[in-house]
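Position 248 of the sequence shown, counting from 1, maps to 250 under full-length UniProt numbering, and the rest follow consecutively. For every residue, glycine included, the Cβ atom is placed at its ideal position computed from N, Cα and C.
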Amino acid sequence: RSVLVRSSSSAKQSLLHRSFSSSVPERKVAILGAAGGIGQPLALLMKLNPLVSSLSLFDIANTPGVAADVGHINTRSEVVGYMGDDELAKALAGADLVIIPAGVPRKPGMTRDDLFNINAGIVKNLCSAIAKYCPHALVNMISNPVNSTVPIAAEIFKKAGMYDEKKLFGVTTLDVVRAKTFYAGKANVPVAEVNVPVIGGHAGVTILPLFSQATPQANLSNDVLTALTKRTQDGGTEVVEAKAGKGSATLSMAYAGALFADACLKGLNGVPDVVECSYVQSTITELPFFASKVRLGKNGVEEVLDLGPLSDFEKQGLEALKPELKSSIEKGVKFANQ
Ligand code: NAI
Numbered sequence: 003r004s005v006l007v008r009s010s011s012s013a014k015q016s017l018l019h020r021s022f023s024s025s026v027p028e029r030k031v032a033i034l035g036a037a038g039g040i041g042q043p044l045a046l047l048m049k050l051n052p053l054v055s056s057l058s059l060f061d062i063a064n065t066p067g068v069a070a071d072v073g074h075i076n077t078r079s080e081v082v083g084y085m086g087d088d089e090l091a092k093a094l095a096g097a098d099l100v101i102i103p104a105g106v107p108r109k110p111g112m113t114r115d116d117l118f119n120i121n122a123g124i125v126k127n128l129c130s131a132i133a134k135y136c137p138h139a140l141v142n143m144i145s146n147p148v149n150s151t152v153p154i155a156a157e158i159f160k161k162a163g164m165y166d167e168k169k170l171f172g173v174t175t176l177d178v179v180r181a182k183t184f185y186a187g188k189a190n191v192p193v194a195e196v197n198v199p200v201i202g203g204h205a206g207v208t209i210l211p212l213f214s215q216a217t218p219q220a221n222l223s224n225d226v227l228t229a230l231t232k233r234t235q236d237g238g239t240e241v242v243e244a245k246a247g248k249g250s251a252t253l254s255m256a257y258a259g260a261l262f263a264d265a266c267l268k269g270l271n272g273v274p275d276v277v278e279c280s281y282v283q284s285t286i287t288e289l290p291f292f293a294s295k296v297r298l299g300k301n302g303v304e305e306v307l308d309l310g311p312l313s314d315f316e317k318q319g320l321e322a323l324k325p326e327l328k329s330s331i332e333k334g335v336k337f338a339n340q
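In structure tokens form, the structure reads like this:
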């Protein structure tokens, strides 16, 4: 009788298992730069995500330790660490989503553009490998300067003949996370309920939070709105200065990166109405890349949403950011084609 009970319960188990795996598809997520300040907590957070079945951790150093450590966590995904360029092909093969936090971060006094010379080359090489080994994957670009690294990725993909503008994303989620936190503090509303779109790009004045569209609504003075906008634009620098030479945002960035990756996976899995801000190829303005609200679907970008009504202050901010964003885009395109 005990055998019977056991076999029927194991039959039930396998049924459960089957229904689980048929409703939650297998998804391989690769993190490039997985042993870094962002990479490690991002690996942890992706290991906790039940939508991930395979987690591939790539870096030029230290991935065996990170993979062994994260791999002991008793959640769904299997974890494999890959180290060095010889293992990049295996790290990428079959990936549905590639997240790129590889490259150097800022030190006090640096702009994101100061990272261009080092990070542009790293992104170029990694994107050439993506074109070869997982051309259908969604790509979440975290490496700065995002305003330029996304256009670089697009050019590399075009050269490889596999560019799909629906699958390339600059991760600007940390700007949204910051805008929500700072707004909740001033508006005195529960932070978990706050929504604030952030448009433009991901550096200084190109970051434009639309507090006029923030919910729950609050009647904040123009002075407060100006200060909130500035704090959102300078949020990264606030962290760089507080870390005093030990890097830039890593923990809040890992959170933001995990949030955006989760939205991408939900979109791939057919969950309806997944909307996040991201820096993507766009026709919303005259600039070829622009961050705005994006609806995510089974093929990546399903729809780039309109900016909606802007306050006069935001309209000015939008015009003011265009020259810098334009030149960062052109710099990336030029680098990729030289
Ligand atoms: P980090 O220096 O702690 O880590 C970077 C990792 O990249 C290191 O482990 C390094 O070995 C690895 N790496 C270098 N070259 C590589 C290559 N060719 N292939 C694979 N991995 C490689 O830096 P952190 O703090 O993790 O920042 C990473 C990047 O993310 C920086 O460019 C930083 O500016 C950017 N960032 C972007 C944010 C955003 O909102 N999009 C926010 C914060 C940082």
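Nearest by alpha-carbon distance to residue 281: which of 119, 208, 311, 224 is it? It is 208 whose Cα lies nearest to the Cα of residue 281.
Using 8 Å as the Cβ pair cut-off and three pairs as the minimum, do the stretch 265-277 and the stretch 157-164 touch? no
Bridge-paired residues (DSSP) for residue 83: 59
Closest by CA to residue 204, which one among 252, 123, 327? It is 327 whose Cα lies nearest to the Cα of residue 204.
In the DSSP assignment, find the unbroken alpha helix (DSSP H) run with residue 48 in it and report its ends. Its alpha helix (DSSP H) spans residues 41-49.
Taking the beta strand (DSSP E) that residue 280 belongs to, which residues open and close that run? 276-283
Is it right to say residue 30 is buried, meaning 16 or more other beta carbons lie within 10 angstroms of its own, or is it exposed? buried
Could you pull out every unbroken beta strand (DSSP E) segment of at least 3 residues lying fully inside the stretch 164-219, listed in chain order? 170-172, 200-202, 209-211
Quick one: grab the DSSP three-state call for residue 221. coil
Rounded to whole angstroms, what is the Cα-Cα separation between residue 39 and residue 288? 35 Å
Of all the options 174, 153, 130, which has the alpha carbon lying nearest to the alpha carbon of residue 263? 174
Check whether the Cβ of residue 70 lies closer than 7 Å to any Cβ atom in chain D. This model lacks chain D altogether, as it is built from one protein chain only.
If I follow the unbroken alpha helix (DSSP H) through residue 245, where does it start and stop? Residues 237-245.
Alpha carbon to alpha carbon, how far is residue 230 from residue 150? Give it in angstroms, no decimals. C-alpha separation (whole angstroms): 25 Å.
Checking the sheet assignment: what are the DSSP bridge partners for residue 99? 31, 140
Which word fits residue 4, buried or exposed, when buried means at least 16 other C-beta atoms lie within 10 angstroms of its C-beta? Confidence at residue 4 is low in this model, with a pLDDT of 33, below 50, so its placement is unreliable and the value that follows should be read with caution. Exposed: under 16 other Cβ atoms inside 10 Å.
Inter-residue Cα distance where the pair is residue 234 and residue 241: 12 Å
So what's residue 319 in DSSP terms, helix, strand or just coil? helix
Span separating the alpha-carbon of residue 65 from that of residue 86: 9 Å
Tell me, to the nearest whole angstrom, how far the beta carbon of residue 37 is from that of residue 61; I am working on the premise that it is less than 8 Å. 4 Å
Between 122, 191, 193, 243, which lies nearest to residue 330 when the distance is taken from Cα to Cα? 122
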